[in-house]
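Number 289 in numbering that gives the first Met the number 0 belongs to position 290 of the sequence shown; there are no gaps in the numbering.
Step one of this worksheet: look at the structure below.
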Amino acid sequence: MMMVRLTVRAAGVGISWTVNEWNVLVAMGALSAEPETMEDFLIAVRRYQPNHRWEESGQTATEMASMTGDDGWCLIDLDSRSVVAGGEFTLPEEGGAFQAGDDEQGDGFPIVWLDTPAEWSFQPGGDDWRSAIEERRESFENYQQIASRAILYGHPMLEFIANRVLGGAAEDAGDDNRYVSIRGIHADWLMTARQDLLGHSPRTVLLCHRNQIDQDIQHRSEQWSMQGFAPLALNVNSAAYQFGGYGTTEVALYFDLMRSLLDEAWDRVIGGESSCDLLVERLAEYRDQWLAQPPKDGSCGQSCNELIESERQRMPVTSDGMELDCDCPICQAEADGAFGDGPMFMVFDGHHLELEDEFAFSMTESREAWEREQAEFRCYSEKMDCLQAEQEAPGDELDSVWTSSSVDWDSILATGCPPLSAKLAIGFPLAELVTELQERATDSSSTDALNAAFSTFRRADDSVAEQSAAEDLRACLEQIAETYPELVARSADLQSRLDEVMRSSERSNQ
């Protein structure tokens, strides 16, 4: 096992350790927390090694002269956002994931993701590496950080809304064109470069670090699931927290907040409000109330402020405490742990921003990429229209009986596929059938019986119990077909799939 001389430099001061290659990877993995000080770095290492004592074992490195020769060495320079390696140690693949070997396993999490921010440079230790990182250090020394949230959420944003709505937008447009006018004001705010944002537009600030933050949080979710407890949150005193970028959750919530503020301003101006200062004051109160409430779509019980705070600390949001739809077979299976142990995490994809069909609101950073996506989507839509027309043509009436659920039965029933996967797959069309029953039935007896039968079937752990449970489920489906003739096709298709699952289970037991 190779030992490496690792040096981390911050504010011109270096600390060195002699560590194995795995600990060098851990140090590189800590860069996803965007540390700028030695304290930030040591806290970030605790994401992977919660009980480390690096601060006690490091030695002050007064110069970088020792970083030469054949012995493996690595410099992580926080001042210049640079990683340099030389000797027998070679740099790992950027963006890769690495697992500790048996001889490297120690205290801490055994997987490292190199989600290094884009501004970092990885380079081998050639002849000119010192001058290269010095040039980078000087460029970052003059880098000006801004507390962008004070602008995007604060008085500048509120004043922009007040001025635009008071400036005649509400009165000139009227209720008929209210949506178009509000949409236009919203787009103007996002797309206009501002001096207080160093010449950037709010849209650019919102999106420039989104992918990196999303990836970091995704890997924290995976880490949480694998190790059984939450990883360490981002240090709230760090620059990454105070001046950091925006993830998808905050971008989506910010869109909703802006629309709500514009609606509120519109209503107040139509109602007679004419003072800009007073309107800004009222909008600030409304903003605070809005952020203190859960999202309006009911997708989560946590407030918008709490969701944003979790994302800023790079902490996944769990779905603990959310009410499950007790009549949904998939929700019941999830509650029983059928999809695996560990917490379930909330994901905000912001798809409704793309439904606006305008670049200003899209999460795609560049207009060129957005236009390519639009062309691809149009092509895809045309193909789907043709496919739908083919499916609606006369043919097998069971081809398109399901409208909101889709299962790749060829893959699910393939040889070697776990029987439980095939059982759970039935739950997806079954959930659609339950919805149909809820719309038609006057009581819950049919739904309860169907869910009970499916629950028994998916829990059956031997062939005899499985066969008996399958017969009960089939009987429930037949009863539904008799009671609701319009559901015959769905019932018949589910019975056919049930037979296929049973045959697959029998083959796997042979």
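All residues carry an ideal CB built from backbone N, CA and C; glycine is no exception.
Under 8 Å between C-beta atoms of residue i and residue j
i: L233; j: A32; result: yes
i: P513; j: L497; result: No answer is possible for residue 513: the residues shown for the chain start at 0 and end at 509.
i: L206; j: M2; result: no
i: H530; j: Y245; result: There is simply no residue 530 to check, as the chain begins at 0 and stops at 509 in what is shown.
i: L77; j: F108; result: no
i: M190; j: S180; result: no
i: S443; j: P315; result: no
i: P293; j: T317; result: no
i: E477; j: S490; result: yes
i: G243; j: L113; result: no
i: A60; j: T6; result: yes
i: A468; j: A480; result: no
Straight-line gap, residue i to residue j (C-alpha atoms, nearest Å)
i: I425; j: G100; result: 40 Å
i: A192; j: R46; result: 36 Å
i: T482; j: R148; result: 58 Å
i: F368; j: D356; result: Reading off the sequence, residue 368 comes out as Ala, not Phe. If you take the alpha carbons of A368 and D356, they lie about 14 Å apart.
i: W289; j: S302; result: 9 Å
i: G510; j: P34; result: Because the chain spans 0 through 509 in this model, residue 510 falls outside it and cannot be assessed.
i: A430; j: F453; result: 11 Å
i: A186; j: G166; result: 17 Å
i: N19; j: E134; result: 30 Å
i: C475; j: F228; result: 41 Å
i: W16; j: S56; result: 7 Å
i: H51; j: C73; result: 20 Å
i: L423; j: R457; result: 7 Å
i: Q217; j: R371; result: 26 Å
i: C378; j: D384; result: 10 Å
i: Y142; j: A10; result: 14 Å
i: S403; j: L436; result: 15 Å
i: T115; j: E485; result: 56 Å
i: D69; j: F88; result: 9 Å
i: L90; j: E118; result: 17 Å
i: Q226; j: I75; result: 27 Å
i: A96; j: A26; result: 13 Å
i: Q122; j: S130; result: 12 Å
i: G300; j: G270; result: 32 Å
i: E280; j: G94; result: 45 Å
With 16 other Cβ atoms within 10 Å as the buried cut-off, status of residue i
i: R8; result: buried
i: L260; result: buried
i: I145; result: exposed
i: E92; result: exposed
i: G13; result: buried
i: F347; result: buried
i: H350; result: exposed
i: R506; result: exposed
i: P230; result: buried
i: N22; result: buried
i: E263; result: buried
i: N450; result: buried
i: E284; result: exposed
i: F360; result: buried
i: M345; result: buried
i: R439; result: exposed
i: F376; result: exposed
i: L323; result: Note that L323 scores 42 on pLDDT, short of 50, meaning its location in the model is unreliable; the coordinates nonetheless yield the value given after this. Result: exposed.
Coarse secondary structure for residue i, derived from DSSP in three states
i: V346; result: coil
i: L80; result: Reading off the sequence, residue 80 comes out as Arg, not Leu. DSSP places R80 in coil when its eight states are reduced to three.
i: I212; result: helix
i: L233; result: coil
i: T317; result: strand
i: V400; result: coil
i: A9; result: strand
i: S130; result: helix
i: S495; result: helix
i: Q143; result: coil
i: R52; result: coil
i: G244; result: coil
i: M362; result: coil
i: M1; result: coil
i: G71; result: coil
i: V433; result: helix
i: W119; result: coil
i: V18; result: strand
i: G98; result: The identity of residue 98 in the sequence shown is Gln, whereas the question assumes Gly. If DSSP states are grouped into helix, strand and coil, Q98 belongs with the strands.
Nearest-angstrom beta carbon gap, residue j and residue i [assumed within contact, 8 Å]
i: L278; j: R267; result: 6 Å
i: L352; j: L306; result: Incorrect: roughly 16 Å between the Cβ atoms, too far for contact.
i: W215; j: R313; result: Here residue 215 turns out to be Asp, not Trp, going by the sequence shown. Between R313 and D215 the Cβ distance is about 5 Å, and since that is below 8 Å, they are a contact.
i: I150; j: L196; result: 6 Å
Closer than 8 Å to chain B by CB, residue i
i: D213; result: Absence of chain B from the displayed structure is noted, only one protein chain being present.
Residue i beta carbon near the ligand PLP (any heavy atom closer than 7 Å)
i: A149; result: As presented, the structure is devoid of all ligands, the ligand PLP included, so that no description of it is given.
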